[in-house]
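Take 183 as the starting number for the sequence shown in this note's numbering and just add one per residue.
This report refers to the structure that appears directly beneath it.
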Amino acid sequence: MKLSFPQYIIISFCVFIAFIVFLVIKTFSVNNELVTEDYYNQELKYQNKIDKMSHVTPELDLFWIQENDRLVLNYSQPFPENLKGEVEFYRPSDASKDLKFPLVLNKGGKQVFPKQLFSKGLYKIKADWKQNGQTFYTEKDIYIQ
């Protein structure tokens with residue numbers, strides 16, 4: 183069976199329409215959540231964050247240790263005083279798994295988080311704190327196993 187020229191045009195047009203319908207359906211089925219809902223406001227405040235990051239030195243930094251059933255946040259100073267802030271566990275792949283905690287260190291400069299609170303995977307830990315009138319901010323990537 184030989185097709186005529188108008189039939190080729192009609193078949194091509196139908197294939198094109200089917201492709202467009204496929205793209206529309208695919209577009210609506212893909213999750214396109216933003217990293218943050220108020221990204222514009224956060225972008226305006228980014229210079230403030232850069233200033234806070236410049237205050238962090240190795241003597242005034244937070245570091246993490248993964249143990250079997252817990253995550254331990256260690257502050258480089260053993261007896262932190264007048265320290266207030268918060269720690270955010272940001273999950274880039276799923277916003278519903280983000281967690282925020284107040285920064286409450288014990289006398290040894292540690293805070294413990296049970297691993298049962300977290301799903302396995304990559305987290306970006308964002309710590310924002312104030313000590314003796316000085317503001318600090320740091321971000322660390324950690325893979326929870």
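The beta-carbon is built from N, C-alpha and C at its ideal position, and this holds for glycine as well.
{"Check": "Cβ pair Leu-253, Phe-295 closer than 8 angstroms", "Outcome": "yes"}
{"Check": "Of the listed residues Pro-188, Leu-287, Gln-229, nearest to Leu-255 (C-alpha basis)", "Outcome": "Leu-287"}
{"Check": "Buried/exposed call for Phe-201, threshold 16 Cβ in 10 Å", "Outcome": "exposed"}
{"Check": "Residue nearest to Asp-243 in terms of C-alpha spacing, selected from Glu-321, Tyr-325, Ser-301, Ile-326", "Outcome": "Glu-321"}
{"Check": "Close-in-space but distant-in-sequence residues of the same chain around Asn-237 (CB under 7 angstroms, 5 per side omitted)", "Outcome": "Note on identity: in this sequence residue 237 is His, with Asn being the wrong assignment. Taken in chain order, the residues that qualify are Gln-316, Thr-317, Phe-318."}
{"Check": "Given Trp-246 as reference, the closest of Lys-227, Lys-234, Phe-271, Ile-199 once Cα atoms are compared", "Outcome": "Phe-271"}
{"Check": "Proximity below 8 angstroms, CB of Gly-267 to CB of Asp-310", "Outcome": "yes"}
{"Check": "Host alpha helix (DSSP H) of Phe-300 (start-end)", "Outcome": "Note, Phe-300: premise wrong, no alpha helix (DSSP H); not H, not E."}
{"Check": "Beta-bridge pairing of Gln-313 - partner residues as DSSP gives them", "Outcome": "Leu-265, Gln-316"}
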